[in-house]
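Each residue of the sequence shown is one higher than the last, beginning at 2 in this note's numbering. Remarks on the structure that follows.
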Amino acid sequence: MVWEATVDGRKLNFRLSGINNQNFLMHDEETGTWWQQVTGEAILGPLKGRRLNPVVYDEISFTTWKREQPGGRVLRPDEKVAGKYAPANWEERLARMPTVTPTGPDDPLPPRELVIGISVNGESKAYPMSKLQKSAAVLDTLGGMSLIIALDDDRQSARVFERTVDGRTLEMFAEQNVSPLRLIDGETGSRWDFSGRAVSGPLAGRQLKKIPAIKDYWFDWKIYNPNTMIY
Numbered sequence: 002m003v004w005e006a007t008v009d010g011r012k013l014n015f016r017l018s019g020i021n022n023q024n025f026l027m028h029d030e031e032t033g034t035w036w037q038q039v040t041g042e043a044i045l046g047p048l049k050g051r052r053l054n055p056v057v058y059d060e061i062s063f064t065t066w067k068r069e070q071p072g073g074r075v076l077r078p079d080e081k082v083a084g085k086y087a088p089a090n091w092e093e094r095l096a097r098m099p100t101v102t103p104t105g106p107d108d109p110l111p112p113r114e115l116v117i118g119i120s121v122n123g124e125s126k127a128y129p130m131s132k133l134q135k136s137a138a139v140l141d142t143l144g145g146m147s148l149i150i151a152l153d154d155d156r157q158s159a160r161v162f163e164r165t166v167d168g169r170t171l172e173m174f175a176e177q178n179v180s181p182l183r184l185i186d187g188e189t190g191s192r193w194d195f196s197g198r199a200v201s202g203p204l205a206g207r208q209l210k211k212i213p214a215i216k217d218y219w220f221d222w223k224i225y226n227p228n229t230m231i232y
């Protein structure tokens, strides 16, 4: 998650404090307030009840990022902990670790099922990656907003956009046998790339609005979004 580190015009400096339900807790040095990482909410201290403003970010593969940002810079790994993340299968190993939160036979998803979590206008929904990976583009409506969840060629990199342009909702689909991903809207025939920009057609140059989303484990998402729906 990425959050603005400013509250009421005051820049805060954050440090790791601990873990709550297998999710990081942070505290700011200025007020001593404790914040939940996944929600950005202050849960203890002078700023309790406040929320940090989310920053739209990407959790995408390095291949996708390098294609889009050929001149981009890469943060040097922290040598003290880099070894823990070096194995290629570290995510698979993490997925096998038990969770501390209770699960039951009626739980609709396995606790460590990866989902794309989206919240719009008070409504939340979890989109299991296993379902999204069957198609490069999924259309849905959440909180009154028409959305498209797009997956790049690797079927791991995901982005969410509002698919309304100038008040018109676009019905979009992935172009077949094309790499990298190209989306086509049925209304104008314009083609859109994975960044949400129209690269050809009547809407060339237009940009879809990116919607904040999080790739998270189901057990974590449902704790902080108890009324969530599932796609």
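For each residue, glycine too, the CB sits at the ideal point set by N, CA and C. As the structure is a computational prediction, the values presented were derived from the model and not from experiment.
State buried or exposed for residue i, treating a residue as buried only when at least 16 other CB atoms are found within 10 Å of its CB.
| i | result |
| --- | --- |
| residue 8 | buried |
| residue 142 | exposed |
| residue 160 | buried |
| residue 223 | buried |
| residue 180 | exposed |
| residue 225 | buried |
| residue 118 | buried |
| residue 56 | exposed |
| residue 115 | buried |
| residue 98 | exposed |
| residue 199 | buried |
| residue 17 | exposed |
Hey, would you say residue i sits closer than 9 Å to residue j, going by beta carbons?
| i | j | result |
| --- | --- | --- |
| residue 150 | residue 83 | no |
| residue 34 | residue 46 | yes |
| residue 154 | residue 173 | no |
| residue 124 | residue 144 | yes |
| residue 212 | residue 148 | yes |
| residue 120 | residue 61 | no |
| residue 96 | residue 138 | no |
| residue 196 | residue 204 | no |
| residue 319 | residue 2 | Residue 319 lies beyond the residue range present for the chain, which begins at 2 and ends at 232; the question has no answer from this structure. |
| residue 110 | residue 20 | no |
| residue 13 | residue 32 | yes |
Starting from residue i, trace the beta strand (DSSP E) both ways and give me its first and last residue.
| i | result |
| --- | --- |
| residue 234 | This structure does not reach residue 234, given that the chain is present from 2 up to 232, and the question cannot be answered. |
| residue 37 | 35-37 |
| residue 29 | 24-29 |
| residue 19 | 15-21 |
Would you give the residue range spanned by the alpha helix (DSSP H) that residue i belongs to?
| i | result |
| --- | --- |
| residue 135 | No alpha helix (DSSP H) contains residue 135, which DSSP labels as neither H nor E. |
Completely contained beta strand (DSSP E) runs for the stretch 39-115, where each covers 3 or more residues: The qualifying runs are 43-45.
I'd like to know if the stretch 34-52 and the stretch 129-138 are in contact, where contact means that at least 3 CB-CB pairs between them fall below 8 Å. The stretch 34-52, when compared against the stretch 129-138, does not touch it at the 8 Å Cβ threshold.
Under 8 Å: do the stretch 113-130 and the stretch 205-222 share three or more Cβ pairs, one atom per stretch? Touching, per the Cβ criterion.
Ignoring anything shorter than 4 residues or poking outside the stretch 145-221, list the alpha helix (DSSP H) runs there in chain order. Taking only runs of at least 4 residues, no alpha helix (DSSP H) segment lies wholly in the stretch 145-221.
Tell me whether the stretch 99-113 and the stretch 195-212 touch, counting them as touching only if at least three CB pairs, one residue from each stretch, are closer than 8 Å. No contact exists between the stretch 99-113 and the stretch 195-212.
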